[in-house]
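Numbering (full-length UniProt numbering), first residue to last: 1 to 109. Beneath this line is the structure, given in structure tokens, with notes to follow.
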Amino acid sequence: MESIDKVIKLKDSLVSYHKVFPENKRSNKKPIVFLHGTNSSGNSSFGEIKKAFSSERAVIIPDYAGCGNSELPLETLTIEHLAEQVAVVIEDSSNISIDIQYLVTFGIE
Numbered sequence: 001m002e003s004i005d006k007v008i009k010l011k012d013s014l015v016s017y018h019k020v021f022p023e024n025k026r027s028n029k030k031p032i033v034f035l036h037g038t039n040s041s042g043n044s045s046f047g048e049i050k051k052a053f054s055s056e057r058a059v060i061i062p063d064y065a066g067c068g069n070s071e072l073p074l075e076t077l078t079i080e081h082l083a084e085q086v087a088v089v090i091e092d093s094s095n096i097s098i099d100i101q102y103l104v105t106f107g108i109e
């Protein structure tokens, strides 16, 4: 699997993402973005699942602030800040429309 890892500087934090390129270079299917839950990381949530999708699609997996290689902002983290991070990753990683998938997980004590 051909892939890249990239870190993007925002005004008050860093956001990282992992992109796997499709094995079928002639595929015209939209890239897919997997969004993990909080207290997780893209790799721990989707490390194995990405293999099932990467034959025909590019797979993009961002790490939110404080997860993976991303940094927490100095100010309070808000849903708007998380949305900005996802938007920046999508803009940086793809110049066409994408499909978004998400996984909701809950910790059990």
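The C-beta atom is built at its ideal place from N, Cα and C for all residues, glycine as well.
Can you name, in chain order, every residue of its own chain whose Cβ lies under 8 angstroms from the Cβ of residue i, other than the five neighbours on each side?
i, result
"G66", "L72, L77"
"S44", "H36"
"V32", "Residue identity differs from the one stated: residue 32 is Ile in this sequence, not Val. So the list reads F53, R57, A58, V59, I60, I98, D99, I100, Q101, once near-sequence residues are dropped."
Just to confirm, are residue i and residue j a CB contact at a threshold of 8 angstroms?
i, j, result
"I60", "S97", "no"
"S54", "V89", "no"
"S16", "S70", "yes"
"G42", "H18", "yes"
"residue 114", "E80", "What is shown of the chain runs 1 to 109, which leaves residue 114 out entirely."
"E91", "D12", "no"
When we look at the beta-carbon of residue i and count the other beta-carbons within 10 Å, is it buried (16 or more) or exposed?
i, result
"R26", "exposed"
"D63", "buried"
"A58", "buried"
Who are the Cβ neighbours of residue i in its own chain at under 6 angstroms, not counting the five residues just before and after it?
i, result
"F46", "F34, I61"
"S40", "none"
"D5", "H18"
I'd like the list of long-range same chain contacts for residue i, defined as Cβ closer than 7 angstroms, with 5 residues on each side in sequence excluded.
i, result
"N24", "S55, E56"
"V86", "L35, P62"
"V7", "L14, S16, N69"
Since residue i contacts residue j with CB under 8 angstroms, what's their CB separation in whole angstroms?
i, j, result
"K30", "D99", "5 angstroms"
Taking only beta-carbon atoms, is residue i less than 8 angstroms away from chain C?
i, result
"G68", "Absent from the structure: chain C. Only one protein chain is present."
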